[in-house]
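These notes are about the structure you will find just below.
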Amino acid sequence: MKLEIRNLTKAFGGLRAIDDVSLAFSSGSLSAIIGPNGAGKSTFFNLICGAFPADAGQVLLDDQDIIRLSKTERMRLGIGRAFQVASCFPTMTVAENLMAAVTAHVGQWSSISRRFPPPGIRERAGEVMELVGLTHVANVEAAILSHGDQKLLDIAIALALEPKVLLLDEPTAGMGPEERWRMIERVRALWGQRKLTLVFIEHDMDIVFQVASTIRVLCYGRVLAEGTPDEIRNNRAVIDSYLGTEVHAA
Amino acid sequence: MKVGPALRDVAIAVFALIVVLAIPLLHRSPAFEDFVIRLSAMALFATSLNLLVGNTGMVSFGHGMFYGFGAYAFALMMQMTDVSLPIAAVLAVLITTFAALCVGAICVRLGTDYFAFITLAVQMLFYSIIISWQSLTGGDQGLRGGIPRREIFGFELASQLHLYQFCAVVTVLGLLTLRHISVSPFGQTLRMIRDNEHRASFLGIVLWRARLFAFTVAGAFAGLGGVLAALFVSGAYPELADWPNSGQAIFAVMLGGISSFLGPVLGATILLALNDVVTRFTEYHGLVLGSVILAFALGFRRGVLDFIRLAWPGRLR
Chain A
1 MKLEIRNLTK AFGGLRAIDD VSLAFSSGSL SAIIGPNGAG KSTFFNLICG AFPADAGQVL
61 LDDQDIIRLS KTERMRLGIG RAFQVASCFP TMTVAENLMA AVTAHVGQWS SISRRFPPPG
121 IRERAGEVME LVGLTHVANV EAAILSHGDQ KLLDIAIALA LEPKVLLLDE PTAGMGPEER
181 WRMIERVRAL WGQRKLTLVF IEHDMDIVFQ VASTIRVLCY GRVLAEGTPD EIRNNRAVID
241 SYLGTEVHAA
Chain B
1001 MKVGPALRDV AIAVFALIVV LAIPLLHRSP AFEDFVIRLS AMALFATSLN LLVGNTGMVS
1061 FGHGMFYGFG AYAFALMMQM TDVSLPIAAV LAVLITTFAA LCVGAICVRL GTDYFAFITL
1121 AVQMLFYSII ISWQSLTGGD QGLRGGIPRR EIFGFELASQ LHLYQFCAVV TVLGLLTLRH
1181 ISVSPFGQTL RMIRDNEHRA SFLGIVLWRA RLFAFTVAGA FAGLGGVLAA LFVSGAYPEL
1241 ADWPNSGQAI FAVMLGGISS FLGPVLGATI LLALNDVVTR FTEYHGLVLG SVILAFALGF
1301 RRGVLDFIRL AWPGRLR
């Protein structure tokens, strides 16, 4: 699914967190969003998925404007997201987390006519678990999972809703270097298998330049630059304001 | 053959019911029967509260209002109309359910702390109405004059044994229904809200609707407990709807264990038993009760049943 953002604006008090941002993510693309802290990256995600209303602008999903829809309606249309701080249900096991997510997705969250999980849910949850590689911890409570597995579970919960567009807010946050690469390889594999339009926020420039096919740079709520890894790497404005001298031209 | 979990629950319920019903056939003890009748009301009351506290993470300090509401609705209907007892009981529960829906509609949108405060406030309001509407409720004297015990299906509820059997059956059925709700997809949804309401809302769950439903169901079963209480005391008293009564239910829940379905039943049993035993020896039963609860809270750091389940490797639910 194609995701297009037009003239999106959001202010918190006097601060323009997102200021007239227009970006397009073509169907099946894998893009990274980078930018300094406070650039508005997470706010950008929140506006796309409808966590809070935008002041102005449009969010188009396959040319349908969804800006007035609730986050539930947007989710039903195919926008999924995972969070910067892994967000799951800590007292439930991994399997229960995913079964609960699938149950909610099929609209049975308020059912009292049968026992949890409803028929067929266990299998679908199992597929997602397999996909992200959490089957070996299926019966472990989410609270005692490793940090990396919690992040994976968060993504798995998002995948359980069968999104077409997946927004990942720093999938590798708080991980060691090796774990980061394992995580991002897994994300890339998911993207390929599920034909997702995937957008991720990332601070590790090595990962960004290796993985993403296009990169968008946000700075103070505005789009500073967009392009291929090579274009971004050599972009004067980006180097000055964000990359500094850390990244050597390769 | 592997027995399905739903069947297991029913089997446990039937077994418990048979045991409770068999005891008076072997040995009549008015004190014990009294105890079970009071326990049945308290068990429904506390377990319904735990649907809010344990399952959903909504700490209501005003749950007693629905207990009182059920008791008054039932007693008044029995005194003022000619409807038969089961119909009065069903109607009383339905009216209580509607009351819970109305109160819930105001309360459930508030955050945790304010939810606790406002439930308490509504309860105090309800209590004041009972006290001041003397012509209807009898004010602080309560509804006197007893409840006409009409015979139902050859049951004469004026007889203690029949009341005992009636309460046992109603309570077991009520608990079984609550159990069914708590293990349904909806029960799981409540746990999601308790664990992480933010994430739950991103899965398409309408938080206020789920909370309101839970609040209403809990109110309904508290009302059913109130009906049993009204039968036991042959009337209704404002104390049933007062806040210390809500506190009793919270004690029962905390004492027995919020994460175990039967925790509140165990808590109610301990609380009632303690109360009965201690009041026999001293008038300072509050002091003893407080100390025991303190010992439980500091010693186990969780409800008794939760503690046992955690210590037990089999992980009973």
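So the sequence lines, in the order shown, correspond to chains A and B.
Numbering-wise (the working numbering), the first sequence opens with residue 1 and increments by one.
Numbering-wise (the working numbering), the second sequence opens with residue 1001 and increments by one.
Glycine residues also receive a C-beta, built at the ideal position from the N, C-alpha and C atoms.
Note that the structure is predicted; figures quoted are calculated from it, not measured.
Q: Could you name the residues of chain B that ALA100(A) contacts, counting a contact when the two beta carbons are closer than 9 Å?
A: Locating residue 100(A) in the first sequence gives position 100, counting from the first residue. Per Cβ cutoff of 9 Å: PRO1185, GLN1188, THR1189, ARG1191, MET1192, ALA1200 and LEU1203.
Q. Between the stretch 227-244 of chain A and the stretch 56-64 of chain A, do at least 3 Cβ pairs fall closer than 8 Å?
A. Under the Cβ criterion (8 Å, minimum of three pairs), the stretch 227-244 of chain A does not count as touching the stretch 56-64 of chain A.
Q: Return the first residue and the last residue of the beta strand (DSSP E) that PHE1213(B) is part of.
A: Locating residue 1213(B) in the second sequence gives position 213, counting from the first residue. For PHE1213(B), no beta strand (DSSP E) segment is defined; the enclosing uninterrupted segment is the alpha helix (DSSP H) at 1207-1233.
Q.
Comparing C-alpha positions only, which one of SER1040(B), LEU1026(B) and ALA1006(B) sits nearest to THR1269(B)?
A. Here residue 1269(B) is taken as the residue at index 269 of the second sequence, counted from 1. If we check each option's Cα against that of THR1269(B), SER1040(B) comes out closest.
Q. Distance, Cα to Cα, ARG76(A) vs PRO117(A)?
A. Translated into the one-based positions of the first sequence, residue 76(A) becomes position 76. Translated into the one-based positions of the first sequence, residue 117(A) becomes position 117. Between ARG76(A) and PRO117(A), the C-alpha separation is close to 21 Å.
Q: Count the other CB atoms, across all protein chains shown, that sit within 10 Å of the CB of VAL1227(B); report buried if there are 16 or more and exposed otherwise.
A: For the purposes of this step, residue 1227(B) is identified with residue 227 of the second sequence, where counting begins at 1. A buried status is given to VAL1227(B), since no fewer than 16 other beta-carbon atoms sit within 10 Å of its beta-carbon.
Q | Between the CA atoms of GLY227(A) and ARG216(A) - distance to the nearest angstrom | A | What you label residue 216(A) is simply residue 216 of the first sequence in a count that begins at 1. What you label residue 227(A) is simply residue 227 of the first sequence in a count that begins at 1. Cα-Cα distance, rounded: 7 Å.
**Q.** Contact with chain A by ILE1181(B), beta-carbon distance below 8 Å
**A.** The sequence position of residue 1181(B) within the second sequence is 181, counting from 1. Using a Cβ-Cβ cut-off of 8 Å, ILE1181(B) counts as an interface residue toward chain A, since at least one Cβ of chain A sits closer than that to its own.
Q | Beta-carbon separation (whole angstroms), ALA100(A) vs GLN1188(B), contact threshold 8 Å | A | Sequence index remark: in the first sequence, residue 100(A) carries index 100 (1-based). Sequence index remark: in the second sequence, residue 1188(B) carries index 188 (1-based). Right, their Cβ atoms sit about 5 Å apart.
**Q.** Test: PHE1213(B) CB closer than 8 Å to a CB of chain A
**A.** Within the second sequence, the letter at position 213 stands for residue 1213(B). Under the 8 Å criterion on CB atoms, PHE1213(B) is classed as interfacial with respect to chain A.
Q | Given 8 Å, three or more beta-carbon pairs between the stretch 163-178 of chain A and the stretch 122-136 of chain A | A | No, they do not touch.
Q) Between the C-alpha atoms of LEU159(A) and MET183(A), what's the straight-line distance to the nearest angstrom? A) Indexing the first sequence from 1 puts residue 159(A) at position 159. Indexing the first sequence from 1 puts residue 183(A) at position 183. For LEU159(A) and MET183(A), the distance between alpha carbons rounds to 15 Å.
Q) Using a beta-carbon distance below 8 Å, is ASP1276(B) in contact with chain A? A) Along the second sequence, one-based indexing puts residue 1276(B) at 276. Taking a beta-carbon distance threshold of 8 Å, ASP1276(B) does not count as an interface residue toward chain A.
Q. Would GLU123(A) be called buried (16 or more neighbouring beta carbons within 10 Å of its own) or exposed?
A. Taking the first residue of the first sequence as position 1, residue 123(A) is located at position 123. By the neighbour-count rule (16 or more Cβ atoms within 10 Å), GLU123(A) is not buried but exposed.
Q | ALA1116(B) to SER1060(B) span [Cα, whole Å] | A | Here residue 1116(B) refers to the residue found at position 116 of the second sequence. Here residue 1060(B) refers to the residue found at position 60 of the second sequence. So the alpha carbons of these two residues sit roughly 5 Å apart.
Q. Under 7 Å Cβ-Cβ, which residues of chain B neighbour THR197(A)?
A. On the first sequence, position 197 is the one that residue 197(A) refers to. Here the premise fails: no neighbours, minimum Cβ distance about 18 Å.
Q: Over the uninterrupted alpha helix (DSSP H) stretch that includes GLY1057(B), give me the two end residues.
A: For the purposes of this step, residue 1057(B) is taken as the residue at position 57 of the second sequence. Counting along the chain, GLY1057(B) falls outside any alpha helix (DSSP H), and DSSP gives it neither H nor E.
Q | Per-residue burial, VAL85(A) [other beta carbons within 10 Å of its own, 16 or more giving buried] | A | Position 85 of the first sequence holds residue 85(A). So VAL85(A) ends up on the exposed side.
Q) Using DSSP with H/G/I as helix, E/B as strand and the rest coil, what is SER241(A)? A) Translated into positions along the first sequence, residue 241(A) becomes position 241. In the structure shown, SER241(A) sits in a helix (DSSP, three-state: H, G or I).
(Q) Is it buried or exposed, THR1112(B), if we count other Cβ atoms within 10 angstroms and call 16 or more buried? (A) One-based indexing of the second sequence puts residue 1112(B) at position 112. Its Cβ having fewer than 16 others within 10 Å, THR1112(B) is exposed.
Q.
Using 8 Å for Cβ pairs, my map puts ALA1230(B) next to HIS1063(B). What's the rounded Cβ distance?
A. Here residue 1230(B) refers to the residue found at position 230 of the second sequence. Here residue 1063(B) refers to the residue found at position 63 of the second sequence. In fact, because the Cβ distance is near 17 Å, the residues do not count as touching under 8 Å.
Q.
Does the contact criterion of 3 or more C-beta pairs under 8 Å hold for the stretch 6-23 of chain A versus the stretch 181-197 of chain A?
A. The answer is no - the stretch 181-197 of chain A does not touch the stretch 6-23 of chain A, with fewer than three Cβ pairs under 8 Å.
Q) Among GLU1033(B), ALA1121(B), GLY1303(B) and PHE1307(B), which one has its Cα closest to the Cα of ASN1050(B)? A) Stepping through the second sequence from its first residue, residue 1050(B) is reached at position 50. Minimum Cα distance to ASN1050(B) is reached at GLY1303(B).
Q.
Quick check on the DSSP output: the alpha helix (DSSP H) that includes CYS1107(B) runs from which residue to which?
A. The sequence position of residue 1107(B) within the second sequence is 107, counting from 1. Element bounds for CYS1107(B): 1085-1107.
Q. Quick one: what does DSSP say SER1135(B) is sitting in, helix, strand or coil?
A. As a position in the second sequence, residue 1135(B) is number 135, starting the count at 1. If DSSP states are grouped into helix, strand and coil, SER1135(B) belongs with the helices.
Q. For LEU1163(B), which residues of its own chain have a beta-carbon under 7 Å away from its beta-carbon, when the five flanking residues on both sides are left out?
A. What you label residue 1163(B) is simply residue 163 of the second sequence in a count that begins at 1. Hits under 7 Å: ILE1037, LEU1157 and LEU1231.
Q. Residues in its own chain within less than 7 Å of MET1077(B) by CB, not counting five upstream and five downstream?
A. Numbered from 1 along the second sequence, position 77 holds the residue referred to as residue 1077(B). Closer than 7 Å at the Cβ level, and outside the excluded window around MET1077(B), lie VAL1083, ALA1088, LEU1091 and ALA1092.
Q) Applying the criterion that 16 or more other CB atoms from any shown protein chain within 10 Å of the CB defines a buried residue, is GLY1042(B) buried or exposed? A) As a working mapping, residue 1042(B) is identified with position 42 in the second sequence. First, the amino acid is wrong: residue 1042(B) is Met here, not Gly. With 16 or more other Cβ atoms within 10 Å, it is buried.
(Q) Comparing C-alpha positions only, which one of GLY1104(B), ALA1249(B) and PRO1264(B) sits nearest to ARG1179(B)? (A) Taking the first residue of the second sequence as position 1, residue 1179(B) is located at position 179. Comparing C-alpha distances from ARG1179(B) to each of GLY1104(B), ALA1249(B) and PRO1264(B) shows the shortest one belongs to PRO1264(B).
Q | For ILE18(A), three-class secondary structure by DSSP | A | As a first step, residue 18(A) must be located in the first sequence, where it is residue number 18. Reduced to three states, the DSSP call for ILE18(A) is strand.
Q) What in chain A is Cβ-close to HIS1306(B), meaning under 8 Å? A) Along the second sequence, one-based indexing puts residue 1306(B) at 306. The identity of residue 1306(B) in the sequence shown is Asp, whereas the question assumes His. What ASP1306(B) touches in chain A: nothing, since even the nearest Cβ is about 12 Å away.
Q. Would you say MET129(A) faces chain B, with C-beta separation under 8 Å as the test?
A. Position 129 of the first sequence, counting from 1, holds the residue named residue 129(A). Taking a beta-carbon distance threshold of 8 Å, MET129(A) does not count as an interface residue toward chain B.
Q: Report yes if the CB atom of LEU1101(B) is closer than 8 Å to the CB atom of THR1216(B), and no otherwise.
A: On the second sequence, residue 1101(B) is found 101 positions in, with the first residue counted as 1. On the second sequence, residue 1216(B) is found 216 positions in, with the first residue counted as 1. In contact: LEU1101(B) and THR1216(B) (Cβ atoms closer than 8 Å).
Q: Use the C-beta contact count for LEU1025(B): other C-beta atoms within 10 angstroms, 16 or more gives buried, fewer gives exposed.
A: By one-based count along the second sequence, residue 1025(B) stands at place 25. Classification of LEU1025(B): exposed, given that the 10 Å Cβ count is below 16.
Q: Please compile the residues from chain B whose C-beta is within a distance smaller than 9 Å of the C-beta of HIS105(A).
A: As a working note, residue 105(A) is residue 105 in the first sequence. Those within 9 Å of HIS105(A) in chain B are LEU1203 and GLY1204.
Q | Contacts of ALA1210(B) in chain A (Cβ-Cβ under 9 Å) | A | Locating residue 1210(B) in the second sequence gives position 210, where the first residue counts as 1. What ALA1210(B) touches in chain A: TRP109 and SER110.
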